[in-house]
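**Q** Please see the structure below; I have some questions.
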Amino acid sequence: EPEVTQTPSHQVTQMGQEVILRCVPISNHLYFYWYRQILGQKVEFLVSFYNNEISEKSEIFDDQFSVERPDGSNFTLKIRSTKLEDSAMYFCASSGAAGNEKLFFGSGTQLSVL
Amino acid sequence: GDSVTQMEGPVTLSEEAFLTINCTYTATGYPSLFWYVQYPGEGLQLLLKATKADDKGSNKGFEATYRKETTSFHLEKGSVQVSDSAVYFCALSGNQAGTALIFGKGTTLSVSS
Chain V
9 EPEVTQTPSH
19 QVTQMGQEVI
29 LRCVPISNHL
39 YFYWYRQILG
49 QKVEFLVSFY
59 NNEISEKSEI
69 FDDQFSVERP
79 DGSNFTLKIR
89 STKLEDSAMY
99 FCASSGAAGN
109 EKLFFGSGTQ
119 LSVL
Chain Y
61 GDSVTQMEGP
71 VTLSEEAFLT
81 INCTYTATGY
91 PSLFWYVQYP
101 GEGLQLLLKA
111 TKADDKGSNK
121 GFEATYRKET
131 TSFHLEKGSV
141 QVSDSAVYFC
151 ALSGNQAGTA
161 LIFGKGTTLS
171 VSS
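Chains as they are written, first to last, in my numbering: chain V, 9 to 122; chain Y, 61 to 173.
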């Protein structure tokens, strides 16, 4: 079965540094998402992306966050100046033309901000 | 706003035991309901779904029925296996394409032989 791939699987960074989390969605999918899960808490929606623009975002997704699909295959999440509370597992997902009828998730990037 | 509440874990069972993981939701309109599973070291995978009241989703021996009157979508399996050990997430979404999924906290299931 096709899969969503995320890199790196673990990322450690210093507070205040910029990080870029990378995702390669399934090739014929049209909708792309970022979610995160802080340890012991719910999986939280961050942002959805369709037709080269953000279609929906949550309150978490403030000015420190941005997303990009730079080359038609990668989908990236950038955190401009990381904070301790950004430490979480970040999941990328994609879905086909039917929207979130079925989301395919990557295995996640564990971000640790020190 | 919309939300999902699922039972706290961990749930520890012996092989062949009956499993229930409770999930209730709060939503406006008529959301679709999902159960996702996350096996160790892997991403979230769709386990089953239901898109309207009284629908029953089923997969790999797991079942869940969309109960509008009790706003519930409890996950059940008659006889669990060690390989079912994973984290299970209940989720809902609106029916518009691209609508975000709202997840519960997840319930860890451990099955021993």
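We put the beta carbon where it would ideally sit given N, CA and C, even for glycine.
For the beta strand (DSSP E) containing V/S102, name the first residue and the last one.
**A** Unbroken beta strand (DSSP E) run through V/S102: A96 to S103.
**Q** For Y/V64 and Y/L152, which I take to be in contact (beta-carbon distance under 8 Å), what is that distance rounded to the nearest angstrom?
**A** 6 Å between Cβ atoms; contact.
**Q** In the DSSP assignment, find the beta strand (DSSP E) that holds V/T15 and state where it starts and stops.
**A** First-last of the beta strand (DSSP E) with V/T15: T13 to T15.
**Q** Spell out the partners DSSP gives Y/Q66 in its beta bridges.
**A** Y/Q66 is bridged to Y/C83.
**Q** List the endpoints of the continuous beta strand (DSSP E) containing Y/L107.
**A** Counting along the chain, the beta strand (DSSP E) containing Y/L107 begins and ends at L104 to A110.
**Q** If I follow the unbroken beta strand (DSSP E) through V/R77, where does it start and stop?
**A** Note, V/R77: premise wrong, no beta strand (DSSP E); not H, not E.
**Q** If the cut is a Cβ gap below 7 Å, which residues of chain Y does V/K110 touch?
**A** By Cβ distance, chain Y contributes L106.
**Q** Report the residues of the region 157 to 168 of chain Y with a CB closer than 9 Å to any CB of chain V, ordered along the chain.
**A** Listed by position, the residues of the region 157 to 168 of chain Y near chain V (Cβ gap below 9 Å) are A157, G158, T159, A160, L161, I162, F163, G164, K165 and G166.
**Q** Note down, in chain order, every chain V residue with its Cβ under 8 Å from the Cβ of Y/E102.
**A** Result: S115.
**Q** Going along the chain, which residues of its own chain have a beta-carbon closer than 6 Å to the beta-carbon of V/K65, five neighbours each way excluded?
**A** Excluding positions up to five away in sequence, the list reads V55.
**Q** For the structure I just gave you, are there three or more beta carbon pairs, one from the region 125 to 144 of chain Y and one from the region 19 to 26 of chain V, closer than 8 Å?
**A** No, they do not touch.
**Q** Do the region 82 to 95 of chain V and the region 63 to 83 of chain Y touch if we need at least three Cβ pairs shorter than 8 Å?
**A** No: the two stretches stay apart, fewer than three of their Cβ pairs being nearer than 8 Å.
**Q** Compare the Cα-Cα distances from Y/V147 to each of Y/A87, Y/I81 and Y/E75 and report the closest residue.
**A** Closest by alpha carbon: Y/I81.
**Q** Below 8 Å on the Cβ atoms is my contact criterion, and I expect Y/D62 with Y/P100 to pass it. Report the Cβ-Cβ distance as a whole number of Å.
**A** Incorrect: roughly 29 Å between the Cβ atoms, too far for contact.
**Q** Go to Y/G117, then tell me how far its beta strand (DSSP E) extends in each direction, as first and last residue.
**A** Its beta strand (DSSP E) spans residues K116 to N119.
**Q** Between the Cα of V/L92 and those of V/D71, V/N60, V/L119 and V/F99, spot the shortest distance and give me the residue it belongs to.
**A** The shortest Cα separation from V/L92 among V/D71, V/N60, V/L119 and V/F99 belongs to V/L119.
**Q** Hey, does V/V12 have any beta-carbon neighbour from chain Y nearer than 8 Å?
**A** So yes, V/V12 belongs to the interface.
**Q** With 9 Å as the C-beta to C-beta threshold (strictly closer), list the residues of the region 39 to 53 of chain V near chain A in chain order.
**A** Within the model displayed, chain A is absent; protein chains V and Y are what it includes.
**Q** Interface residues of chain V around Y/F122 at Cβ under 9 Å?
**A** Under the 9 Å cutoff, chain V gives no residues; its nearest Cβ is about 16 Å from Y/F122.
**Q** Please list, in chain order, the chain Y residues whose beta carbon lies closer than 8 Å to that of V/F99.
**A** The answer, in chain order, is G103 and L104.
**Q** For Y/L104 versus Y/S118, is the C-beta distance shorter than 8 Å?
**A** For Y/L104 and Y/S118, no; Cβs fall outside 8 Å.
**Q** Since V/S102 contacts V/I34 with CB under 8 Å, what's their CB separation in whole angstroms?
**A** V/S102 to V/I34, Cβ: 5 Å. Contact.
**Q** Please name the residue, chosen from Y/T88, Y/V97 and Y/K137, that lies closest to Y/K186 on a Cα-to-Cα basis.
**A** With chain Y covering only 61 through 173, there is no way to say anything about residue 186 of chain Y.
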